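Visitor: Reminder that position 162 of the sequence shown reads as 162 in full-length UniProt numbering, one-by-one numbering, no gaps.
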Amino acid sequence: MVNLPRYVALKSKYNNNYLRYVNEASQVQKFLQYSGESVLTPYTVYELEQAKCDTSLVNIRCAYNNKYWVSWPSDHHFIVAQADNIEEDKSKWNCTLFQPIYDSNHQAFRFRHVYLGFNVCLWRGSAPYVNCLRAQWSSPDRDLCDLSTPINWGTLLSLPKHIVFKGDNGYYLSAQWIEEHQYLQFASNDIGDPTVGMETFITKDGHIRFKSNYFGKFWRRSPNWIWADSTDTTTNNSDTLFLPTKVDKNVVALRNMGNNNFIKRLTADGKTSCLNAAVSTIDGTARLQFEESVLSREIYNVKFRPSDSRIYDQSTLVMATETATNTTKESHTMNLKFTYTETKSSMWNSSVSIKLGVKTTVQTGIPFIVDGKVKISATFSGQYQWGATKTTSKVVETLYQVTVPSMTTVIVSLLATQGTSDVPYSYAQCDTLINGEIKSYQMDDGVYKGVNSYNFKYETKSKPITA
């Protein structure tokens with residue numbers, strides 16, 4: 001049996017498009033549809049969670065809106081990502097269980113809806129539901145509409161748009177004329193050098209094309225040296241395509257799809273420290289550090305989607321405990337003072353785009369869990385290291401009045417629930433590049449992660465005093 005990765009994108013065997021969550025306003029908004037033209041988007045990733053009732057079954061969560069695949073209430077055969085919680089009762093129409101079935105002939109999977117007993121497929125019916133996900137047949141479809149190729153999301157990497165590379169010799173990769181050809185050589189020690197800037201172009205299937213800003217042309221393997229001399233704007237030439245492999249936080253290896261070798265710093269044939277697709281493994285010279293060629297970044301117009309948030313890892317904490325003792329023959333009312341430390345943490349990140357080492361200013365709200373729901377209850381404005389956890393703590397004092405019976409000790413504990421929330425958001429991004437250009441983007445891949453305590457309550461226990 002072929003094992004499925006935890007996070008996947010699903011590519012249709014019928015139309016070669018990716019299954020995506022439909023976010024834009026339309027008659028099929030919030031449906032799942034095989035219409036995604038690119039794999040590296042926040043709308044095309046799904047988490048497969050192994051079922052508790054049967055390890056051969058899965059619950060499938062759409063990462064964009066944190067909802068599980070389930071039958072559409074208006075037509076149970078259409079499958080939508082609208083379930084807030086898992087339902088593993090196989091007798092219920094809103095059961096979220098699916099059975100992955102591997103087809104070795106086509107090296108792809110079918111997913112059978114457990115309650116309906118049908119395989120989900122690309123629906124070829126009439127508009128507006130064409131290409132939407134529908135549980136339709138119990139037997140394999142001859143046109144392969146029920147087959148999807150899973151793409152391991154964990155192996156995909158979206159490099160920054162404006163980028164520079166540094167080799168193992170400590171020098172930046174720069175555009176250089178050598179022997180009347182446009183070579184790429186690890187020869188510059190200045191990130192502001194106009195020859196070192198590169199621009200990335202991500203293809204439908206997650207490959208990357210690189211363009212030298214200095215030469216204004218794309219990288220190309222010839223024969224194994226990497227020249228920046230291509231004017232081909234298509235993705236048809238595999239010699240211009242590269243597949244990134246993450247080595248470390250800001251270290252990558254790039255495999256050229258023309259000869260399937262990793263590119264590296266190579267000194268040979270009269271060339272010194274030039275880029276060459278030379279090795280089948282990631283050696284020291286094939287490990288490329290990358291940095292964004294961005295001076296500063298501003299994040300603003302942050303719009304959270306609390307309705308698509310997820311609350312998990314909930315646990316009960318004892319914040320403080322106090323006791324009151326009454327040794328008289330009458331009941332007494334006493335005031336207890338509780339002192340405790342309340343800690344909150346926040347992290348703003350992105351699910352697709354990478355942001356590294358850039359001075360970033362953020363203007364945003366701060367979501368917290370309140371009464372079991374996510375609410376935007378604070379704001380933050382200032383410098384922030386993208387993807388870092390920001391923790392705040394404060395000492396809180398409260399008074400609690402308790403009636404203590406005669407000859408009794410009362411033990412009062414202040415309890416709270418601590419939970420973690422994931423809240424998706426969109427945002428505007430404005431970058432000032434090293435060359436002074438201003439670039440603005442509208443992004444929809446934001447993921448906020450917060451931890452805080454809520455549902456504070458007092459728990460009282462009594463213990464009689466024996467004479």
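For every residue, glycine included, the Cβ atom is placed at its ideal position computed from N, Cα and C.
These numbers come from a predicted model, not from an experiment.
For Ile354, count neighbouring C-beta atoms within 10 Å of its own C-beta (all shown protein chains included) and say buried if the count is 16 or more, exposed if not.
Guide: By 1-based counting over the sequence shown, the position of residue 354 is 354. Looking at its Cβ environment, which holds 16 or more other Cβ atoms inside 10 Å, Ile354 is buried.
Visitor: Taking DSSP's pairing of strands, which residues face Met257 in a bridge?
Guide: Translated into the one-based positions of the sequence shown, residue 257 becomes position 257. Met257 is not bridged to any residue.
Visitor: Which of helix, strand or coil does DSSP assign to Gln431?
Guide: Counting from 1 along the sequence shown, the entry for residue 431 is found at position 431. The sequence given here has Asp at residue 431, not Gln. Here Asp431 sits in strand by DSSP.
Visitor: I'd like to confirm the pairing. Which residues does DSSP put opposite Gln383 in its beta bridges?
Guide: Translated into positions along the sequence shown, residue 383 becomes position 383. According to DSSP, which records beta bridges pairwise, Gln383 is partnered with Thr361.
Visitor: Excluding the 5 residues flanking Arg134 on each side, which residues of the same chain have their C-beta closer than 7 Å to its C-beta?
Guide: Along the sequence shown, one-based indexing puts residue 134 at 134. The answer, listed in chain order, is His77, Phe78, Ile79, Val120, Cys121, Trp123.
Visitor: Is Arg6 close to the ligand ATP? I mean its beta-carbon at under 7 Å from any heavy atom of the ligand.
Guide: In terms of ligand content, the structure shown is empty, and the ligand ATP therefore cannot be addressed.
Visitor: Which two residues bound the contiguous beta strand (DSSP E) that contains Pro464?
Guide: Within the sequence shown, numbered from 1, the residue matching residue 464 stands at position 464. Run containing Pro464: 438–464, per the beta strand (DSSP E) assignment.
Visitor: What whole-angstrom Cβ distance do Lys337 and Leu399 have, given they're in contact under 8 Å?
Guide: Locating residue 337 in the sequence shown gives position 337, where the first residue counts as 1. Locating residue 399 in the sequence shown gives position 399, where the first residue counts as 1. The pair is a contact, with the Cβ atoms about 6 Å apart (cut-off 8 Å).
Visitor: Quick check for students: name the residue ranges of the beta strand (DSSP E) that lie wholly in the UniProt domain "Agglutinin" (157–292), counting only runs of 3 or more.
Guide: List check, beta strand (DSSP E) in window: 162–166, 172–178, 181–188, 198–202, 208–212, 217–221, 226–230, 242–248, 251–256, 262–268, 271–279, 288–292.
Visitor: Could you give the C-beta distance for Tyr425 and Phe304, rounded to a whole number, given that I count them as a contact under 8 Å?
Guide: What you label residue 425 is simply residue 425 of the sequence shown in a count that begins at 1. What you label residue 304 is simply residue 304 of the sequence shown in a count that begins at 1. Sure, about 4 Å apart at Cβ, within 8 Å.
Visitor: Trp93 by DSSP, collapsed to three states: which one?
Guide: Position 93 of the sequence shown, counted from the start, is the residue given in the question as residue 93. It is coil, neither helix nor strand.
Visitor: Within this structure, are the beta carbons of Phe186 and Ser74 separated by less than 8 Å?
Guide: Translated into the one-based positions of the sequence shown, residue 186 becomes position 186. Translated into the one-based positions of the sequence shown, residue 74 becomes position 74. No, the pair does not count as a contact, with Cβ atoms beyond the cut-off.
Visitor: Using only alpha-carbon positions, find the residue among Asp431, Ser296, Asn276 that is nearest to Arg287.
Guide: Translated into positions along the sequence shown, residue 287 becomes position 287. Nearest C-alpha to Arg287: Asn276.
Visitor: Quick check: Gly206 and Leu156, are their CB atoms within less than 8 Å of each other?
Guide: Indexing the sequence shown from 1 puts residue 206 at position 206. Indexing the sequence shown from 1 puts residue 156 at position 156. Yes. Within cutoff.
Visitor: How close, in whole Å, do the beta carbons of Tyr7 and Tyr43 come, if the pair is a contact with beta carbons under 8 Å?
Guide: For the purposes of this step, residue 7 is taken as residue 7 along the sequence shown, with counting starting at 1. For the purposes of this step, residue 43 is taken as residue 43 along the sequence shown, with counting starting at 1. Their Cβ separation, rounded to whole angstroms, is 14 Å, which puts Tyr7 and Tyr43 out of contact at 8 Å.
Visitor: For the beta strand (DSSP E) holding residue 545, just list the boundary residues, first then last.
Guide: Because residue 545 is not part of the residues shown, which for the chain are 1 to 467, the question remains open.
Visitor: What does a CB cutoff of less than 8 Å around Ser26 pick up in its chain, not counting 5 residues either side in sequence?
Guide: Stepping through the sequence shown from its first residue, residue 26 is reached at position 26. Around Ser26: Pro128.
Visitor: List the residues that DSSP assigns as beta-bridge partners of Arg20.
Guide: Numbered from 1 along the sequence shown, position 20 holds the residue referred to as residue 20. DSSP output for Arg20 lists Gln33 as bridge partner(s).
Visitor: Let me make sure I understand the geometry here. Which of Asp232, Phe368, Gly419, Val358 has the alpha-carbon closest to that of Gln314?
Guide: In the sequence shown, counting from the first residue as 1, residue 314 sits at position 314. The candidate whose alpha carbon is nearest that of Gln314 is Gly419.
Visitor: Where do the ends of the beta strand (DSSP E) carrying Ser38 lie?
Guide: Here residue 38 is taken as the residue at index 38 of the sequence shown, counted from 1. From DSSP, Ser38 is part of no beta strand (DSSP E); its letter is neither H nor E.
Visitor: Can you confirm whether the stretch 322–333 touches the stretch 379–389 when touching is taken to mean that 3 or more C-beta pairs between the two stretches lie within less than 8 Å?
Guide: No, they do not touch.
Visitor: Check whether the stretch 360–370 and the stretch 441–455 touch, using three or more Cβ-Cβ pairs below 8 Å as the test.
Guide: Judged by Cβ distances under 8 Å, the stretch 360–370 makes contact with the stretch 441–455, as three or more pairs qualify.
Visitor: Which stretch, first to last residue, makes up the beta strand (DSSP E) that contains Ile79?
Guide: Locating residue 79 in the sequence shown gives position 79, counting from the first residue. Counting along the chain, the beta strand (DSSP E) containing Ile79 begins and ends at 75–83.
Visitor: What is the residue span of the beta strand (DSSP E) that Lys394 lies within?
Guide: Sequence index remark: in the sequence shown, residue 394 carries index 394 (1-based). Unbroken beta strand (DSSP E) run through Lys394: 390–404.
Visitor: Considering only the beta carbon of each residue, do Asn65 and Asp431 sit closer than 8 Å?
Guide: Taking the sequence shown and counting its residues from 1, the one referred to as residue 65 is at position 65. Taking the sequence shown and counting its residues from 1, the one referred to as residue 431 is at position 431. No. Outside cutoff.
Visitor: Measuring alpha carbon to alpha carbon, tell me which of Asn15, Gly216, Asn3, Ala320 ends up nearest Cys145.
Guide: As a position in the sequence shown, residue 145 is number 145, starting the count at 1. Cα-wise, what sits closest to Cys145 is Asn15.
Visitor: So, do the stretch 84–96 and the stretch 45–65 have three or more beta carbon pairs nearer to each other than 8 Å?
Guide: As far as the Cβ criterion goes, the stretch 84–96 touches the stretch 45–65, which means the pair count is three or higher.
Visitor: On the three-pair Cβ rule with 8 Å, is the stretch 164–173 touching the stretch 287–297?
Guide: The answer is yes - the stretch 287–297 touches the stretch 164–173, with three or more Cβ pairs under 8 Å.
Visitor: What three-state label does DSSP hand Trp72 in the structure shown?
Guide: Taking the first residue of the sequence shown as position 1, residue 72 is located at position 72. The answer is strand: DSSP assigns Trp72 an E or B state.
Visitor: Could you give the C-beta distance for Ser230 and Lys217, rounded to a whole number, given that I count them as a contact under 8 Å?
Guide: By 1-based counting over the sequence shown, the position of residue 230 is 230. By 1-based counting over the sequence shown, the position of residue 217 is 217. Yes, they are in contact, since the Cβ atoms of Ser230 and Lys217 sit about 6 Å apart, within 8 Å.
Visitor: Helix, strand or coil: how does DSSP classify Trp348 here?
Guide: As a working mapping, residue 348 is identified with position 348 in the sequence shown. Note: Trp348 maps to strand in three-state DSSP.
Visitor: Excluding the 5 residues flanking Ile434 on each side, which residues of the same chain have their C-beta closer than 6 Å to its C-beta?
Guide: Position 434 of the sequence shown, counted from the first residue, corresponds to residue 434. Cβ within range, chain order: Gly192, Ser293, Leu295.
Visitor: Trp137 to Ile202, Cα distance in whole Å?
Guide: The residue labelled residue 137 in the question sits at position 137 within the sequence shown. The residue labelled residue 202 in the question sits at position 202 within the sequence shown. One C-alpha to the other measures close to 36 Å.
Visitor: Could you have a look at Thr149 and say whether DSSP puts it in helix, strand or coil?
Guide: Here residue 149 corresponds to residue number 149 of the sequence shown, with the count starting at 1. DSSP places Thr149 in strand when its eight states are reduced to three.
Visitor: Using the Cα positions of Val374 and Phe242, report the straight-line distance between them to the nearest angstrom.
Guide: The residue labelled residue 374 in the question sits at position 374 within the sequence shown. The residue labelled residue 242 in the question sits at position 242 within the sequence shown. The straight-line gap from Cα to Cα measures roughly 41 Å.
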